[in-house]
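Enquirer: For reference, the structure I am asking about is given below.
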Amino acid sequence: IAGITQAPTSQILAAGRRMTLRCTQDMRHNAMYWYRQDLGLGLRLIHYSNTAGTTGKGEVPDGYSVSRANTDDFPLTLASAVPSQTSVYFCASTPRQGDTEAFFGQGTRLTVV
Amino acid sequence: GENVEQHPSTLSVQEGDSAVIKCTYSDSASNYFPWYKQELGKGPQLIIDIRSNVGEKKDQRIAVTLNKTAKHFSLHITETQPEDSAVYFCAASPLFSNSGYALNFGKGTSLLVTP
Chain A
47 IAGITQAPTS QILAAGRRMT LRCTQDMRHN AMYWYRQDLG LGLRLIHYSN
97 TAGTTGKGEV PDGYSVSRAN TDDFPLTLAS AVPSQTSVYF CASTPRQGDT
147 EAFFGQGTRL TVV
Chain B
347 GENVEQHPST LSVQEGDSAV IKCTYSDSAS NYFPWYKQEL GKGPQLIIDI
397 RSNVGEKKDQ RIAVTLNKTA KHFSLHITET QPEDSAVYFC AASPLFSNSG
447 YALNFGKGTS LLVTP
């Protein structure tokens, strides 16, 4: 089934540890995004990539890094996790930039203790 | 950058009644306004969208209206059913943006439809 897959589904992580959230899509979409969802704050953009080989910072990039080595994969790395990074993380993709439907993964629930 | 405000944050209606969710945006360059529905434990899914050259769009029980002059757009759900219960997000996307055209989301509306 075509779509966007995130892993893991959930994770409990000790503060100070490094963690990579995985995101893979098989729709050959050019653009990919990472959002975090927190109660009362909605969806906030962390990082984005318009095409393979390029990335950019969103609204809340501090403490996170991304890479886009190929079209399909867009991993999000927390270099040294802190409790404020406890959140639900969503990866999304769009066929191109601009006015197109975004497809979301099922989310990764991360708890930093 | 774009700022999207969404109201109300929670909405409770009786089954069969209508529900209306309103959003305003700040960037006059925005030209794409989608609405997403998020069910518990799942990622958001597009339910309807509208572009700036259209004032209203309908799809069965849902409709979206856009007022570009006032910079606001609304989601209307008629004949609500319990399965409409979910969190709804509005979003706006500018034509040109330094953030790669990523969607700017409102904070969401939790809709509860009671039988």
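For the record, the sequence lines run as chains A and B.
One rule links them: number in this note's numbering = place in the first sequence (from 1) + 46.
One rule links them: number in this note's numbering = place in the second sequence (from 1) + 346.
Idealized CB from N, CA, C, for every residue including glycine.
This structure is a prediction, so every number in the text was calculated from the model and none was measured.
1. How would you list, in chain order, the residues of chain B whose beta-carbon sits under 8 angstroms from the beta-carbon of A115(A)?
2. Quick one: measure Cβ to Cβ for T87(A) and A448(B), integer angstroms, because I've assumed they're closer than 8 angstroms.
3. Beta-carbon of K417(B) versus every beta-carbon of chain A: anything under 8 angstroms?
4. Ignore the nearest five residues each way along the sequence and tell me which others in K453(B)'s own chain have a CB closer than 6 angstroms to its CB.
5. Helix or strand or just coil, what does DSSP make of P107(A)?
6. Can you give me the Cβ contacts of Q360(B) inside the same chain, cut-off strictly under 7 angstroms, excluding the 5 residues immediately before and after it?
7. Should F435(B) and Y382(B) be called a contact, given that it needs their Cβ atoms to be closer than 8 angstroms?
8. May I have a chain-ordered list of the alpha helix (DSSP H) segments no shorter than 4 residues that lie completely inside the region 72–109 of chain A?
9. Can you name the residues of chain A whose CB is closer than 7 angstroms to the CB of T452(B)?
10. Go ahead and pull the three-state DSSP assignment for Q131(A).
11. Please state whether the Cβ-Cβ distance between Q152(A) and Q83(A) is less than 8 angstroms.
12. Would L457(B) count as contacting chain A if we go by Cβ distances under 8 angstroms?
Expert: Looking at the coordinates:
1. Taking the first residue of the first sequence as 1, we reach residue 115(A) at position 69. Correct list: empty, because the minimum Cβ distance to chain B is about 18 angstroms.
2. Taking the first residue of the first sequence as 1, we reach residue 87(A) at position 41. Taking the first residue of the second sequence as 1, we reach residue 448(B) at position 102. Position check: residue 87(A) holds Leu in this sequence, whereas Thr was assumed. With 8 angstroms as the limit, L87(A) and A448(B) do not qualify as a contact, their Cβ atoms being about 16 angstroms apart.
3. In the second sequence, residue 417(B) corresponds to position 71, counting from 1. Chain A contact via Cβ: absent.
4. In the second sequence, residue 453(B) corresponds to position 107, counting from 1. Excluding residues within five positions, the ones whose Cβ falls inside 6 angstroms are Q352.
5. The residue you call residue 107(A) lines up with position 61 of the first sequence. In the structure shown, P107(A) falls within a coil segment according to DSSP collapsed to helix, strand and coil.
6. The residue given as residue 360(B) occupies position 14 in the second sequence. Here the set comprises T460.
7. Stepping through the second sequence from its first residue, residue 435(B) is reached at position 89. Stepping through the second sequence from its first residue, residue 382(B) is reached at position 36. For the pair F435(B) and Y382(B), the CB atoms are nearer than the 8 angstroms cut-off.
8. Listed in chain order, there is nothing to give.
9. The count along the second sequence starts at 1 and reaches residue 452(B) at position 106. Looking at the sequence itself, residue 452(B) is Gly, so the reference to Thr does not match. Residues of chain A passing the Cβ test: G88.
10. On the first sequence, residue 131(A) is found 85 positions in, with the first residue counted as 1. Residue state, collapsed to three classes: helix.
11. Residue mapping note: residue 152(A) aligns to position 106 of the first sequence, counting from 1. Residue mapping note: residue 83(A) aligns to position 37 of the first sequence, counting from 1. Going by C-beta atoms, Q152(A) is not nearer than 8 angstroms to Q83(A).
12. Taking the first residue of the second sequence as 1, we reach residue 457(B) at position 111. Chain A, which has no Cβ nearer than 8 angstroms to the Cβ of L457(B), makes this no.
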